[in-house]
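K.L.:
Residue numbers (numbering that gives the first Met the number 0), protein chains in the order written: chain A, 0 to 855; chain B, 0 to 558. For every residue, glycine included, the Cβ atom is placed at its ideal position computed from N, Cα and C. Predicted, not measured: the structure shown is a model, and the values here were computed from it. One structure follows; several queries about it will come next.
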Amino acid sequence: MTPASICWRRRRADGQADAQLHWRRSVWLDSRGHREVPGRMRNWGNAIRCGAVCALLALATGYTAAIAAESDAITIFYWGNELDLLAPELIQNFESLHDGRDGQPEIKVIAGQSASVNKTDDPQRILCGVAGGDPPDVVFFDRFAVGEWASRKAFMSLQAFYEEDLAARPDDPLTLRQEKFYPPCWDEATYQGELFAVPADTDNRALYYNLDYLEKYAAQLIPIGCVDPNDPSKVGPPRTWEQLRQCCEILTERDASGKLQRVGFIPNFGNSWLYIYGWLNGATFMTSDGRTCLLDSEEIVEALAYMTDLYDVMGGAEVVNGFQSSQEGGDLDPFLTGKIAMKIDGDPYIGQIVNMRPDFRFGVALAPAPEGKQQLGWCGGWCWVIPRGAKHPRAAWDFIKYMASQDAFKVRADATVQANAATGGVYVPTISAQKDITEWAMEHYLYSDPAISGKFKDAMRVFVDAMPYSKYRPVTAVGQLLWDQQVRAMQNGIYKKYDKNDTYLNARIALENADAAVQGELDRIWNPPDYPTLAWWPVLVIYLAVLVIAAIGLTMFFSRRMQASGYFRHEYFAGYAFASPWFLGFIVFGGGPIIFSLIMSFCQYDVLSPPKYVGTLNYIEMFTADPLFYKSLWNTVYMAIGIPLGMAVSLGIAMLLSYEIRGMAVYRTFFYLPAIMPAVAASILWKWIFNPQEGIMNSLLQTFGIAGPSWLQDELWAKPALIIMGLWTAGAGMIVWLAGLKGIPTHLYEAAELDGAGRWRKFISVTLPMLSPYILFNLIMGLIATFQLFTQAYIMTQGGPVDSTLFYAYALFNNAFRFMRMGYASAMAWFLFAIILVLTMMQLRLSKTWVHYESE
Amino acid sequence: MTRKGNIKRGVGRVLLHAVLIFGSFVFSIPFIWLASTSAKVPDEIYPPEWLPEIPPGVTESPYIALRDKERPARPAGVADSDWERLRIPIVESIQSVVREKSEAVPAFYRPYLDETALAEKIFARLLRRTPDEVFEKTEAVAQSYFAQETSLAIVQEEFDAVYRRLALADVVFHQYDATAEYPTADKTYPWKVVSGDARLVYRDSGLRRIAQEVHYGFSSEKEFSVSIQLPLGMAPEELRKIVVSNHADRSWHEVWAAVDVGGTRYEAVEPAYLGSDKWQETTWQFASEGDETLLVRTWVPLIAKGASGFNVPGETLLTLRFVYNSRPAATYDKYANNYREVLRRVPMLSYLKNSFLLVGLNILGQILGSSLVAFAFARLKWPGREFYFVLVLATLMIPPQVTMIPLFLIFRQLGWYNTLRPLWVPAFFGSAFYIFLLRQFMRGIPKELEDSAKIDGCGYFGIYWRVILPLVKPALATIGIFTFMTVWNDFMGPLIYLSDQRLYPLSLGLFALQVVQGPNINYGVMMAASVIMTIPVIALFFAAQRQFIQGITLTGLKG
């Protein structure tokens, strides 16, 4: 043994002795020493400590209440996007236009982050703002959702402002004019004939093709008609659906074993969705009055059947989607790395190619259409809105007008140019919703720049020229639901959920189901039964009444059982006293919202308008008419097999880490690392690990001769993949075990050893019984956590593929915040509550037989 | 202890270490990956490699280099045997074509045309569009195919890609609403070498931009300077920033700027790096008050450093000093680059202050609040205890999504909107998860301890404070770690309750950098932000896990 380790051993021994001594002193000697002062223990140290804590709290309260300073000027709050934060001049310029010197009021702007910061459409922040009556004045908002929010009167109509400007200030350069906007952008910001938003930017979609691959296979492509429109002797992109289908076959490449090496085209990779195929086939997704969903129309069924056929050409949706590295963008993009020969994507992708692979040879053409139909794209984008309840709508309108001006566009673009140029990046302008600004920006930033290669300029031209007849998603109160159902129908279609053999029939059934779901919600909105509106005050009264009755009832009930007196009565009061912080917190913060959600579960409630009492309708719908309810419940129950697995793994690790050897602190930290990875970063890693082609998991399986599944792209394997992922983060559970293991008195092991027990025996007879309180804890907590499983589905899979990771809490979240059905979500929540409560009660009851508490 | 026993224990110990080391490796894979990605520049993210590139350590520039991933790789459709047979002859044939074209390319190319790197790069590029059948044919056919495809345009483009050089081009002076541009193409205002071993060479053909190439060597001196003297065209105080268009050589040497204007000398507060090998624009901007606001800083600030020796009225002198970076230093600078980027994007100190305040108050609150309540549930007998305990647990069972809105309304009614209070006050009332955890721990403590303390005259608070709390330290450490992680990473709470950016915690500030955002996502910066979020948790865990070392030894009582 080295001297160092001897030294260390001695130190440890000393430490232990110290700890014992300290402990003895604190429990025995001290309490003995204070025998003369019965009951109370005062010492100055404690008082000082208490005082310090109180002072700190007081300070904290003061500091944490700091609020922005007020001034005489009108202050408007703006929730913008990151680009605005890049360009401080934007706000400076606006403020200098409204500095109060022209007799108009002075306006100050405070900018903050936008409502959907993470671009996955979670509107909690603005929902809270509007519901709480304290929204920002201007919000940068996804235009696609304008119809949904406008129909619920969450946004102000801008029609009056717009018309007033046209009449009063026709010559003001800042006055907005409908004819300057691309028609689809303007229409998307208009609901029921009224303007609710000012469109900011837009995008368009088209087919990107890898020119190298087209040339590589020119000999096969030219005969089927894939030629350059200007020079028929040269190869060009497909223009019809039939050509696209044949391209898929020609451009797809397999290795000797038949494994995909490259795919020609993935119908839904990039940014296309069922929408573009429907529009290309002449479909409209909704009637013009917005009351009837046309998702199951003939055109869309054909479009979905066509998509399914394309997947089948390359070996089916599982194989193809498994092949595609499921990254949303960035350098891992399989199109840029040559793994996919063609894709449909938006124009911002040009900027990505410019900066990632400037020498990449590619071209852009409008998406192929069925024979004889128009090739087109579809657009989305952002806009500015004024939420209902904004304090200064007039100033907000002025601000929006400035933000929509060419000057503001230039300031933003210049700032982006500088940011990009600093790292050698090239700025490719986005398409503004206004035609003139777009043309100016393209000329100024793109076409006039000799350093940018012509292929990028040609590509952008395709997108810009197709803008005027671009399609846009229907402006409707059920936009998000329509979107989700469109995705669902598409997945059910391409994965052939209903009929493996008849693609067309399968597509029809998938779309009919989706249509029914959307139509049901439409009917509810357009023909609402006359439900009574629920006023707020009864909720409050009920809550107070419940509290009072509960308090009286419980006190009477328990005091009858309270037979003891004297010393034990003292303990009763102590019990209440010690538990009082929780009671207080429950009454102020906890109970109200819980009762509120219970009441809402009997209401139709979208947060933005007053709740309407509908009786048990939500529950009836949940049990009888919502297939996703059962699906999500089953998915969640499936995940419960991860609970014992996770407990076993983390207990094993904890046992390993409970040894006291040198370097254990470091080992423990390493084992804990996966548990502290930020979720988003971890999700990217996991997508890579589970990548069927290049991922670690399948390479590992490969070495054992097992052909791994497509994991996150495979309906059957997505949940097991998430369970495996959960095991890796077992470190979080580990520390509870570790603390528990350290709480087992060593004398128990010593006694067992004296009785001749081996390792296993000691584990069974000492460790497990002593750990039983923590087993109970981990069981119940695991149960609750599993039933509320949300993050993985939210960040990694968005519920797919084919709803196989649509967990209960995720379905609930969708209803609450994306489909605006808080009442229904509350019903779901209370059903979940009932399940967990019953299971927990059972566990608690059962626990009496197997949990061992040292104190009893 | 017998010798045999010693050996057995020694073997066991080694085995244990082996298992632990292996496990540590497996469990740290995510973090290794995170850290390694955080040190990458955008063009090395794909294909995924474990180790970020190390700067080449060049002392002479320009030079020709080909990165590993730019080398030609066998196409999937080509048989291994064909590939091995044809690879070298093809590169040779391309190289001979390249030499033949030497007359057609600008003179300065010629010394580099013998480099195989260039031929390989051209090969890799042509490979993408070569039909696989070419490889199934004879050597001669394959060679002539590639020889034919190697056009002058491709040679030029690929030369541009493998030719690493430092070059300086146009300079632009910005004032608030105007610019003065000095294009290199005019040749009126050239860059000049001031000191050191460097040479400036004009390039007006063959490369994509007209520029002055800087040929330098660091073998004799460790730095050199170049400067450019330009008419200002505006009042000195109006000059706001200077933008220099340049092409770096991936060497990661440092560039320090100095500007002499209006009799004052300004120097850059930090270096720029010769990191990328693209055309880029580096901006030096005079420091101003607005710099400290919540903006993305894309420039290097300049600050006044006293009187200037340069005094030509109406003219400005811009000096760039290039300083040698040894390979380890260059590696460090490259690896730290994304972290600097993160720090430039967020006002770290203000966010950190809020984060630590919140974390501290929450830990304090949870430990005090939850342990008090848990004590009542674990160690005291009072009517309704079991009922209320189920009620405590029940609060966990309602999904937070449906209580979020009413909870927000309550905090708003209390006037706590846009304060930090909603984010820490509730902690002092205890939370169900920790109450349950502590209750389980406290119930594991033998009753005898409490009894003897009672006999000794301890009140309930005394028992709680002096007997129970010291014994559940491991559990308190667990709570501390959990609370730290939850609060530190909490994003939704601050997002909803705060609108004043001065109150933002780090999680909210860095969130924008952490999400997958749009097409131009920079994974390196995103991972650097994630590492920054992770490090304090690791440190805390490392410190707190000591609490798990000392097991509770109750021998004194029971024995």
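Between which two residues does the beta strand (DSSP E) harbouring Cys382 of chain A extend?
P.N.:
Gly380 to Val384
K.L.:
Quick one: what does DSSP say Glu212 of chain B is sitting in, helix, strand or coil?
P.N.:
strand
K.L.:
How about Arg142 of chain A and Trp381 of chain A: are their beta carbons less than 9 Å apart?
P.N.:
yes
K.L.:
Do the CB positions of Ala534 of chain A and Pro592 of chain A come within less than 9 Å of each other?
P.N.:
no
K.L.:
Starting from the beta carbon of Tyr658 of chain A, find every residue of chain B whose beta carbon is closer than 7 Å, and list them in chain order.
P.N.:
At a C-beta separation below 7 Å, Tyr658 of chain A has these neighbours in chain B: Leu15.
K.L.:
Contact between the segment 488–497 of chain A and the segment 380–395 of chain A is defined here as three or more beta-carbon pairs at a separation below 8 Å; is this criterion met?
P.N.:
no
K.L.:
Note the first and the last residue of the continuous beta strand (DSSP E) segment covering Tyr446 of chain A.
P.N.:
No beta strand (DSSP E) holds Tyr446 of chain A; DSSP gives it neither H nor E.
K.L.:
Which residues in chain B sit within 8 Å of Leu632 of chain A, going by Cβ to Cβ distance?
P.N.:
Taking a Cβ-Cβ threshold of 8 Å, none of the residues of chain B is close to Leu632 of chain A; the smallest such distance is about 14 Å.
K.L.:
Would you call the segment 464–484 of chain B and the segment 389–406 of chain B touching, i.e. three or more CB-CB distances under 8 Å?
P.N.:
no
K.L.:
So with CB distances below 7 Å, who are the chain A contacts of Thr282 of chain B?
P.N.:
Gln417 and Ala421
K.L.:
Could you please tell me which residues of the segment 661–681 of chain A, in chain order, have their CB closer than 7 Å to any CB of chain B?
P.N.:
Ala664, Tyr666, Arg667, Thr668, Phe669, Phe670, Tyr671, Leu672, Pro673, Ile675, Met676, Pro677, Val679, Ala680 and Ala681
K.L.:
What are the start and end residues of each continuous beta strand (DSSP E) run of 3 or more residues lying completely inside the segment 674–742 of chain A, in chain order?
P.N.:
none
K.L.:
Per the DSSP calculation, Tyr77 of chain A is bridged to which residue(s)?
P.N.:
Checking the DSSP bridge columns, you'll see Tyr77 of chain A partnered with A:Ala110 and A:Val137.
K.L.:
For Asn203 of chain A, name the three-state secondary structure that DSSP assigns.
P.N.:
In the structure shown, Asn203 of chain A adopts coil according to DSSP, grouped into three states.
K.L.:
What does Thr315 of chain B pair with, by DSSP beta-bridge criteria?
P.N.:
B:Leu229
K.L.:
Exposed or buried, what is Thr286 of chain A when buried is set at 16 or more other beta-carbons lying within 10 Å of its beta-carbon?
P.N.:
exposed
K.L.:
Which residue from A:Cys184, A:Ala110 and A:Gly584 puts its Cα closest to that of Glu88 of chain A?
P.N.:
A:Ala110
K.L.:
When DSSP builds the beta bridges, which residues end up paired with Ile339 of chain A?
P.N.:
A:Val262
K.L.:
How many Å lie between Thr615 of chain A and Tyr161 of chain A at the Cα?
P.N.:
44 Å
K.L.:
Quick one: what does DSSP say Gln123 of chain A is sitting in, helix, strand or coil?
P.N.:
helix
K.L.:
Can you pull the chain A neighbours of Trp278 of chain B, defined as C-beta to C-beta under 8 Å?
P.N.:
Gly423 and Ala450
K.L.:
So the candidates are B:Ala38, B:Val133 and B:Arg208; which of them puts its Cα closest to the Cα of Ala78 of chain B?
P.N.:
B:Val133
K.L.:
According to DSSP, is Cys225 of chain A helix, strand or coil?
P.N.:
Here Cys225 of chain A sits in coil by DSSP.
K.L.:
Give every residue of the same chain whose Cβ lies closer than 8 Å to the Cβ of Leu360 of chain B, excluding the five residues on either side of it in the sequence, and list them in chain order.
P.N.:
Trp423 and Ala426
K.L.:
What residue range is occupied by the uninterrupted beta strand (DSSP E) comprising Thr178 of chain B?
P.N.:
Per DSSP, Thr178 of chain B is one residue of the beta strand (DSSP E) stretching across Thr178 to Tyr181.
K.L.:
Please report the straight-line C-alpha distance between Val145 of chain A and Ile495 of chain B, rounded to a whole angstrom.
P.N.:
21 Å
K.L.:
Closest Cβ-Cβ distance between Tyr863 of chain A and chain B: below 9 Å?
P.N.:
For residue 863 of chain A there is no data in the structure shown, the boundaries of chain A being 0 and 855.
K.L.:
For chain B, is any of its Cβ atoms less than 9 Å away from the one on Gln123 of chain A?
P.N.:
Yes, because at least one Cβ of chain B sits closer than 9 Å to the Cβ of Gln123 of chain A.
K.L.:
With a CB to CB cut of under 8 Å and the five nearest residues on each side skipped, what residues in its chain are close to Pro104 of chain A?
P.N.:
Ala72, Ile73, His97 and Ala394
K.L.:
What does the Cβ neighbour count give for Trp849 of chain A, buried or exposed, with the cut at 16 atoms within 10 Å?
P.N.:
exposed
K.L.:
Within the segment 22–78 of chain B, note down every full alpha helix (DSSP H) run reaching 4 residues or more, in order along the chain.
P.N.:
none
K.L.:
Listed in chain order, which residues of the segment 686–700 of chain A have Cβ atoms closer than 7 Å to some Cβ of chain B?
P.N.:
Trp687
K.L.:
How about Phe577 of chain A: is its C-beta nearer than 9 Å to some C-beta of chain B?
P.N.:
With 9 Å as the cut-off, Phe577 of chain A counts as an interface residue toward chain B.
K.L.:
Do Phe490 of chain B and Val536 of chain B count as a contact pair if the criterion is CB distance below 9 Å?
P.N.:
no
K.L.:
Would you say the segment 390–408 of chain A touches the segment 476–491 of chain A, given that touching needs at least three Cβ pairs under 8 Å?
P.N.:
no
K.L.:
Taking CB distances under 9 Å as the criterion, tell me whether Leu553 of chain B reaches chain A.
P.N.:
Residue confidence for Leu553 of chain B is low, a pLDDT of 48 falling below 50, so the modelled location carries little weight; the figure read from the coordinates is stated next. So, interface residue.
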